[in-house]
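Following: one structure in structure tokens, then a few remarks.
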Amino acid sequence: MIFGEEKEIVVLGLDLSTMPLIKNLCESGKKDILVMEDSVEPGAFTGSYYANGFNLEKIYIMFTSDEKK
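In our numbering, the protein residues as written are 71 to 139.
Here it is, written out as structure tokens:
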């Protein structure tokens with residue numbers, strides 16, 4: 071990307087929530103999309119890596135509260 075270049079759509083972060091969004095945008099014919107990710111590997115909390123003899127899966131866990139006040 072050239073500094074100052076304009077894009078029709080800018081997606082900040084590539085993770086489980088934005089991957090389907092980007093796929094749907096592409097399938098609907100959108101072409102002018104920029105995805106910005108600050109991690110070394112795309113996917114943020116998704117993917118896997120090997121460490122100390124173990125294959126570890128990175129997953130996203132969301133805790134919610136259904137407590138009514």
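The beta carbon of each residue, even a glycine, is placed where N, CA and C say it ideally should be. Note that this is a predicted model, so its numbers are computed, not measured.
Problem - Candidates Leu104, Lys93, Thr88, Gly123: closest to Lys77 by CA position - result: The option with the nearest alpha carbon to Lys77 is Leu104.
Exercise for the section: Kindly indicate which three-state DSSP category Leu86 falls into: helix, strand or coil? Expected result: Leu86 falls in the coil class under three-state DSSP.
Exercise for the section: In angstroms with no decimal places, state the Cα-to-Cα distance between Val80 and Glu127. Expected result: A direct Cα-to-Cα measurement between Val80 and Glu127 gives close to 28 Å.
Handout entry: Residues of its chain near Leu82, where Cβ-Cβ distance is below 6 Å and the 5 sequence neighbours each way are ignored
Key = Here the set comprises Met106.
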